[in-house]
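K.L.:
Residues 1119 to 1377 (this note's numbering) make up the sequence shown, in order.
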Amino acid sequence: VTSISVDLHKYGYAAKGASAILYRNHALHRYQLFAATDWPGGIYASPTMTGTRPGGAIAAAWAVMQFLGESGYHELVQRVMQTTAELRRGITAIDGITILGDPAMSILAIASHRLDIYEVGDEMTLRGWHLDRQQFPPSLHLTVNAVHADSVAAFLQDLAASVEVARQRSSGKIGMRIALAGANLIARVLPRPLVSALTRRVAAGFNTSTVGPGQRSAAMYGMMGSLPNRGDLRELVLDLVEQFTVPQPRTNPEDHERS
1119 VTSISVDLHK
1129 YGYAAKGASA
1139 ILYRNHALHR
1149 YQLFAATDWP
1159 GGIYASPTMT
1169 GTRPGGAIAA
1179 AWAVMQFLGE
1189 SGYHELVQRV
1199 MQTTAELRRG
1209 ITAIDGITIL
1219 GDPAMSILAI
1229 ASHRLDIYEV
1239 GDEMTLRGWH
1249 LDRQQFPPSL
1259 HLTVNAVHAD
1269 SVAAFLQDLA
1279 ASVEVARQRS
1289 SGKIGMRIAL
1299 AGANLIARVL
1309 PRPLVSALTR
1319 RVAAGFNTST
1329 VGPGQRSAAM
1339 YGMMGSLPNR
1349 GDLRELVLDL
1359 VEQFTVPQPR
1369 TNPEDHERS
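#1: Indicate whether L1226 and L1260 have their beta-carbon atoms separated by less than 8 Å.
#2: Suppose the cutoff is 7 Å on Cβ atoms and the five residues either side in sequence are ignored; what does the same chain contact list for L1126 look like?
#3: Do you know how far the Cα of H1147 is from the Cα of H1231?
#4: Can you round the beta-carbon distance between N1263 and V1182 to whole angstroms, since I take them to be within the 8 Å contact cut?
#5: Where are the beta strand (DSSP E) runs, 3 residues long or more, that stay fully inside the region 1179-1260, in chain order?
#6: Please state the DSSP three-state secondary structure of V1124.
#7: Report the CB separation of D1234 from S1288 in whole angstroms; it is logged as a contact under 8 Å.
#8: Are the beta-carbon atoms belonging to G1239 and L1258 less than 8 Å from one another?
#9: Measure how close the beta-carbons of S1121 and L1140 come, nearest whole angstrom, since I'm counting them as under 8 Å.
#10: Between S1224 and N1143, what straight-line distance do the alpha-carbon atoms span, to the nearest angstrom?
#11: Tell me where the beta strand (DSSP E) around G1140 begins and ends.
#12: What separation, rounded to the nearest whole angstrom, lies between the Cα atoms of T1243 and H1192?
#13: Specify, as a first and last residue, the run of the beta strand (DSSP E) that E1154 falls within.
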């Protein structure tokens, strides 16, 4: 190990925007530094790739560390691990889902061999829980934190209910699975440009109004996970990000007056 980087907003309990990096020795650290001595604007040096950074986030992180102290972090770690153990017992007791691997710490992935796990995620979203979607294999991501200690019972209750709804919805999706298998078979026969064009046409239905907080995403993840060409997936993701960053066309004020 030559270096370790740490984001302080998770288990450092600081606001986002502050990170720390440690090097094994001074020689390695020196490669991070930048200095320009022949710039007409003067001698310029920076300890990072970005020249100007606000100091608020790092000052706030320092204040949190001073407040908690080593003993405070020890108490938080103990609480996190106890909460993780409770969640693991509760999750494994629910028929139809499982925890991937045997995680030693407090980051878990929930998967299923019988259900559409993304449907479970959608149901949890409707109940007010946000679980990140993962792939290879399809799963739901949990980062257990100290604040979750008081929510274990409610979370497990909603998770069990979500699994039951997903079980009912998954039983009615045999036709969709057959259609996806057929689409993959056809995609291997058709020319790649044609497959890409068809993919983009179908994906046009997923936009900023259908993808976001409170929206079902199982269909989108199912489609993207079945794409034979990962290059198409990259372009679709870029299209979606572009929709969030490109200004929308102006509406005619007269239209509002008439309505």
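Backbone N, C-alpha and C define an ideal beta-carbon position, used for all residues, glycine too.
P.N.:
Here's the rundown:
#1: By 1-based counting over the sequence shown, the position of residue 1226 is 108. By 1-based counting over the sequence shown, the position of residue 1260 is 142. The answer is yes: Cβ separation under 8 Å.
#2: Here residue 1126 refers to the residue found at position 8 when the sequence shown is read from its first residue. Correct list, in chain order: A1132, A1136, S1137, A1138, A1179.
#3: For the purposes of this step, residue 1231 is taken as the residue at position 113 of the sequence shown. For the purposes of this step, residue 1147 is taken as the residue at position 29 of the sequence shown. So the alpha carbons of these two residues sit roughly 46 Å apart.
#4: Your numbering for residue 1263 matches position 145 in the sequence shown. Your numbering for residue 1182 matches position 64 in the sequence shown. By a beta-carbon distance limit of 8 Å, N1263 does not contact V1182. Their separation comes to about 14 Å.
#5: Those beta strand (DSSP E) runs which fall completely within the region 1179-1260 and span 3+ residues are 1225-1229, 1250-1252.
#6: Taking the sequence shown and counting its residues from 1, the one referred to as residue 1124 is at position 6. In the three-state scheme derived from DSSP, where H, G and I count as helix and E and B as strand, V1124 is classed as strand.
#7: Taking the sequence shown and counting its residues from 1, one reaches residue 1234 at position 116. Taking the sequence shown and counting its residues from 1, one reaches residue 1288 at position 170. Contact holds; Cβ gap of about 5 Å.
#8: The sequence position of residue 1239 within the sequence shown is 121, counting from 1. The sequence position of residue 1258 within the sequence shown is 140, counting from 1. Note that the C-beta distance between G1239 and L1258 is below 8 Å.
#9: Along the sequence shown, one-based indexing puts residue 1121 at 3. Along the sequence shown, one-based indexing puts residue 1140 at 22. Distance from S1121 to L1140 at the Cβ level is roughly 7 Å; contact confirmed, criterion being Cβ atoms closer than 8 Å.
#10: Within the sequence shown, numbered from 1, the residue matching residue 1224 stands at position 106. Within the sequence shown, numbered from 1, the residue matching residue 1143 stands at position 25. Taking the straight line from one Cα to the other gives about 30 Å.
#11: In the sequence shown, residue 1140 corresponds to position 22, counting from 1. Just to set this straight, residue 1140 is Leu in the shown sequence, not Gly. Looking at the DSSP string, the run of the beta strand (DSSP E) that includes L1140 is 1137-1141.
#12: As a first step, residue 1243 must be located in the sequence shown, where it is residue number 125. As a first step, residue 1192 must be located in the sequence shown, where it is residue number 74. When rounded, the distance between both Cα atoms is 32 Å.
#13: Looking up residue 1154 in the sequence shown gives position 36. Residue identity differs from the one stated: residue 1154 is Ala in this sequence, not Glu. Its beta strand (DSSP E) spans residues 1152-1154.
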